[in-house]
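Protein chains in written order, with this note's numbering: chain A, -16 to 527; chain V, 971 to 1317. Contents: one structure, followed by commentary.
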Amino acid sequence: MLHEMLASYTQNNDEERLLLTKLNHYFDPVYYRGSYDYHHIPDMMETRNLFHNFMTSGWKDGRSPSRLFDTIFYLSTNPDVVELGINPLLHYVLYGKKEGRRAIRPQAILRQEFDESAKINQQSIQWTGEIDPASAITLEKLSTLIKAAIVQNRLLLSISHDDYKMTFGGVQNLIEDEQLAFARHGWTYLHISPTVYPVALADDVTADMFVVSLRLNGKLIGRVPFSYLLELASLLVKDGCQITVIVHHLMRSSPELITQLIQRTNERPIIWIHDLFSICPSYSLLRNHVTPCGAPNMDSISCMICDFGKERKNHIRRIQEFFRINKPDVIAPSQTALDKWLQQGHYAYDKAAVVPVARLLMDNNPMPIPTQTVKKPLRVAHIGARVFHKGWSTFEKLALEYADSGKYEFYQLGYALIGSLPGCVKHIAVETTHDNRDAMISTMLKHRIDVVINWSMCAETFSFTAHEALAGGAFLIARKDAGNVWPAIQQNCPEQGMAVETEEELIALFADSKFTQKLATAPRRLGFLFPAENTAHWIMKTRN
Amino acid sequence: MTSAPTIHCFTSASFAYLDRVRILFQTLRQQHPDWLLWFCLIDKEPEGFHFDPKKENCDFVVRLEDLGIDDLTRWSFKHNVVELCTAVKGKMLCHILEKGAQKVFYLDPDIAVFSSLQPLVDQLDEKDVLLTPHLLHPEKELIGIADNEIGALKHGIFNLGFAAVSNRGDGPRFAEWWRDRLLQFCYEDVPNGIFTDQKWADHVPVFFPNMGIVFDEGYNVACWNLNYRPLSTDDQKNIRAGNKLLRFFHFTKVTWAGEIMLERYSRDRIEVFELLHWYRHQLTIHAPKNLPKNWWAYGIFNDGTRIEDWQRRAYRSHIGLQHQIMDPFAAGPEAFEAYRPAALSNP
């Protein structure tokens, strides 16, 4: 059937073979197979059958053959092709390409990214104040629990945007380490996280309506209205307890309510700058979730057309007020982050400090470079979250460009796969947990990753993945203007990395054989990444 | 010492474009809070829809009926929505100039203003009329020649989504000429050399030599000229069109065909799609409440039946019919049956 279809467009077998080759350029069997639900893959495990399936029926279901051709886009923008009833890829290869028609939606990934992110942002979230009876505790019970837990008259009230035991990430890790460190000093640690999840500050909400989830010394104790915490803080201070508020993140919280809490305590609060949420509700400083913007003047066109632009003025006003009243000590995980915050925040504070959340120790001895490495394809990886703002789409573009070069093999080391990656990228699942924090580094070593591309679009304040890449012995290529990524390379092992300005420059570099050779022979060392200091160390050093 | 001249700006639209009018005025107000804004309303409220001019972000609302157009009922019937909203532009301009305005701008409702228009205000000290050409650079590829260069030959060299006029020199004379032509010949009739007000404007450089052509790439940026003035973000995080600061963008037909043209000429610049994303979001914010879909009071007979284009064309081309039917809206569709083109006849 396929042969008959192609034969009608060709004069002889040679032409048919040439047409098949051109069509195959746009067909990725791994990607195509991934478009089917696992349980409904037709009997077409062989690549040849998959291709046949796409050419005859798959396109009619709206399936695309690869990342290089978007069936639905092509048909929706070319009604004449729909009218002809011809397979759209065949039309593109035979005519459309020459006529200047487009195979994929321009900037499809970025547009999808900001359309979807905007939907999440625009969801209105109601503060109901209702607490599930199963997780509710009374003020009396809360008071009893906390008083029983306090042994040295010291209580830490730590606030962040989520329950650090339920998700895994740099901030959550730090909170866990911090809680354990305080526990070693006999200090009691109550973690507070909002139970409703807007990607913004909480709207004007009363202390009775604002429901938070509590963990006492790491153990979940239930949900309470914020008003309980206000009452409890007053009671405990009256009883002589020393309370310090540590704010890891203001997202989802009400700065006005936290100010009320701080005012009931008797210690200067500590605010962490884990990201730049205090400068813009787009905490990674991405305009419309996609374009690095560096938090420009609020009257710029950038802010005008950004999903966060309108909210930003009110956001800044509330945070400015929060800092003005509380005059906290400020801690940032890197000098880059602190400098950016000082340069753009203009907020009141008492002390400002840098406390790196992890330390990288590089081995003094270079890794032996196997002589055959030069001849073998270089293993180039993207590590961590496969999301646009962590550089996934740039990496994917690079991999698609050089899939057939024979010079590189492309890897993705990250969480379990949902959906499909292009066939040219081999996925390796890595599950990093609190107890197995080196999982990424050990996986890199196991698969002998030579190069890591960290094309984060964010204003990174620390970048664990950059540190992991270096510890795993890879040569690290960074986007130059991605916050702390390039400074981290320069600080730890400048010979083991480089910075590139633009995506176009990055993709062009990989075509150059001298560059490939440079990557293959660059001196590389392994390293050790271990948790560094946290708020507990800082308080002990500076306040006692 | 004389005070700075007051600048007036007007647009015209039906209720279906009220969302766009609101975006235009909101963005214009941000740049020019002191300008006086006029909205020429080419519509009437449907049942259940309330329009309160006081709540709109403009200074004056002028309804079609208030413009003093002779024989309004018969005249308005001859025009579709684009034609009628355009046909009043000259009349509105004269009206505002007669009130003593020194400088008047017209902007299409589907325009959004991103930076100050002061350089154009200043140019009106020297020039009497300012117009923006559709294209500033020749196209190089066949597809661009077909879409944009031939498109401009068909629809007019200048895009009349923008016009600025000074109330001196040739300004008032231009306004009267424009008014008169539009009252008589403002139709989408490319085969006969007319495309609403735009083809008329091809005469302007000759009839009114002290006119000025705006060559700055930042004004009236749209899908038809993006090819040679790609958008980008500068160091100050402002958007540029080509080498110039983006002043205003014309979101023509962005909810349908316009997106395909924007994609074709976007040069893959993400800024184009961010603007589109922003504009669509603004449309949802500014959408009028309780307005029936596809509502246009002048688009239906009194019995609610939609007026077809062929009925309008029949009415404007048969003088006898115009004498016979004094109120075509009231006459209803049956009155036009004898004029139905054969191609549209029921089998």
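Virtual Cβ for every residue (Gly too), placed ideally from N, Cα, C. Just so you know, these numbers come straight off a predicted model, no measurement behind them.
Residues near residue i by beta carbon distance below 6 Å, same chain, minus five either side
i                  : result
Val1031 of chain V : Phe1009, Leu1011, Pro1023
Leu1196 of chain V : Tyr1235
Arg46 of chain A   : Ser18
Ile1127 of chain V : Pro1103, Asp1172
Ser265 of chain A  : Phe291
Val1083 of chain V : Thr997, Leu998, Gln1001, Phe1218
Arg1149 of chain V : Gly1060, Lys1061, Cys1064
Gln(-6) of chain A : none
Arg992 of chain V  : His1256
Leu93 of chain A   : Val273
Anticipated Cβ contact below 8 Å, residue i with residue j, distance rounded
i                  : j                   : result
Leu994 of chain V  : Leu1077 of chain V  : 6 Å
Ile87 of chain A   : Leu58 of chain A    : Going by Cβ atoms, the distance from Ile87 of chain A to Leu58 of chain A rounds to 13 Å, so no, they are not a contact pair.
Leu381 of chain A  : Phe493 of chain A   : 6 Å
His1220 of chain V : Asp1080 of chain V  : 6 Å
Glu(-1) of chain A : Leu(-11) of chain A : 5 Å
Ala1211 of chain V : Val1191 of chain V  : 4 Å
Val195 of chain A  : Thr178 of chain A   : 6 Å
Ile284 of chain A  : Thr248 of chain A   : Contact doesn't hold; Cβ gap of about 43 Å is too wide.
His978 of chain V  : Ile1066 of chain V  : 5 Å
Amino acids of chain V, ordered along the chain, whose beta-carbon sits closer than 8 Å to that of residue i
i                 : result
Leu93 of chain A  : Ile1240, Phe1243
Val64 of chain A  : By Cβ distance, chain V contributes nothing, its closest Cβ being about 14 Å from Val64 of chain A, past 8 Å.
Ile284 of chain A : Phe1084, Ser1085, Lys1207, Asn1208, Ile1209, Leu1216
Asn297 of chain A : In chain order: nothing, as chain V lies at least about 16 Å away.
Beta carbon of residue i nearer than 8 Å to that of residue j
i                  : j                  : result
Ser984 of chain V  : Val1058 of chain V : no
Tyr391 of chain A  : Val363 of chain A  : yes
Val1184 of chain V : Thr1254 of chain V : no
Gln1001 of chain V : Ser1086 of chain V : yes
Ala442 of chain A  : Leu163 of chain A  : no
Asn309 of chain A  : Pro252 of chain A  : yes
Leu1094 of chain V : Ala1134 of chain V : yes
Leu125 of chain A  : Ala190 of chain A  : no
Tyr75 of chain A   : Ser49 of chain A   : no
Cβ shell of residue i (< 7 Å), same chain only, five flanking positions each side left out
i                  : result
Phe458 of chain A  : Asp433, Val434, Gln479, Gly480, Leu502, Ala505, Arg507
Arg1310 of chain V : Trp1280
Met971 of chain V  : With a pLDDT of 42 at Met971 of chain V, under the threshold of 50, the modelled position of that residue is not reliable, and no figure is offered here.
Leu1314 of chain V : Trp1280
Lys373 of chain A  : Gly367, Ser439
Ser(-9) of chain A : none
Own chain, CB closer than 8 Å to residue i, minus 5 neighbours either side, in chain order
i                  : result
Thr1333 of chain V : Nothing in the structure corresponds to residue 1333 of chain V, since chain V is present only between 971 and 1317.
Thr354 of chain A  : Interpretation of Thr354 of chain A is limited by its pLDDT of 47, a score under 50 that renders its predicted location unreliable; the figure taken from the coordinates is listed afterwards. Excluding sequence neighbours, Thr354 of chain A sits near nothing in its chain.
Met523 of chain A  : His168
Amino acids of chain A, ordered along the chain, whose beta-carbon sits closer than 8 Å to that of residue i
i                  : result
Ser1327 of chain V : Residue coverage of chain V in this structure runs from 971 to 1317, which leaves residue 1327 of chain V outside it and unanswerable.
Ile1230 of chain V : Thr60
Leu1233 of chain V : The displayed chain sequence assigns Glu, not Leu, to residue 1233 of chain V. Simply Thr60, Arg85, Arg88, Pro89.
Among the options, the one whose alpha carbon lies nearest that of residue i
i                  : options                                    : result
Glu1187 of chain V : V:Asp1036, V:Phe1084, V:Leu1215            : V:Leu1215
Phe371 of chain A  : A:Asn467, A:Val273, A:Leu213               : A:Val273
Arg1276 of chain V : V:Ala1134, V:Leu1245, V:Tyr1198, V:Phe1047 : V:Phe1047
Asp1204 of chain V : A:Leu184, A:Ala471, A:Asn70, A:Asn280      : A:Asn280
Leu140 of chain A  : A:Cys224, A:Leu122, A:Thr150               : A:Cys224
Arg85 of chain A   : A:Leu72, A:Gln474, A:Leu321, A:Ile366      : A:Leu72
Ile288 of chain A  : V:His1288, V:Gly1302, V:Pro1262, V:Phe1243 : V:Phe1243
Arg235 of chain A  : A:Gln243, A:His298, A:Arg369               : A:His298
Ile1270 of chain V : V:Gly1290, V:Ala1301, V:Phe980, V:Leu1245  : V:Ala1301
Asp313 of chain A  : A:Ala190, A:Val228, A:His430, A:Asp53      : Residue identity check: residue 313 of chain A is Val in the sequence provided, not Asp. It is A:Val228 whose Cα lies nearest to the Cα of Val313 of chain A.
Glu516 of chain A  : A:Gln95, A:Pro89, A:Gly152, A:Phe165       : A:Phe165
Ile472 of chain A  : A:Val338, A:Leu219, A:Arg342               : A:Arg342
Lys1263 of chain V : V:Ile977, V:Leu1006, V:Phe1019             : V:Phe1019
Gly1139 of chain V : V:Ala1122, V:Ala1227, V:Asn1180, V:Asn1260 : V:Asn1180
Interface residues of chain V facing residue i [CB-CB closer than 7 Å]
i                 : result
Asp98 of chain A  : His1247
Ile490 of chain A : Those do not exist, as Ile490 of chain A stays about 14 Å from chain V at its closest Cβ, beyond 7 Å.
Phe288 of chain A : For the record, residue 288 of chain A in the displayed sequence is Ile; it is not Phe. What Ile288 of chain A touches in chain V: Glu1244, Leu1245, Trp1248.
Val273 of chain A : Ile1240
Pro279 of chain A : Gln1206, Lys1207
Cross-chain neighbours of residue i in chain V, by beta carbon under 9 Å
i                 : result
Ala101 of chain A : His1247, His1251
Cys276 of chain A : Thr1203, Lys1207
Closer than 7 Å at the beta carbon, the chain A residues around residue i
i                  : result
Ile1113 of chain V : Gly83
Ser1236 of chain V : Pro89
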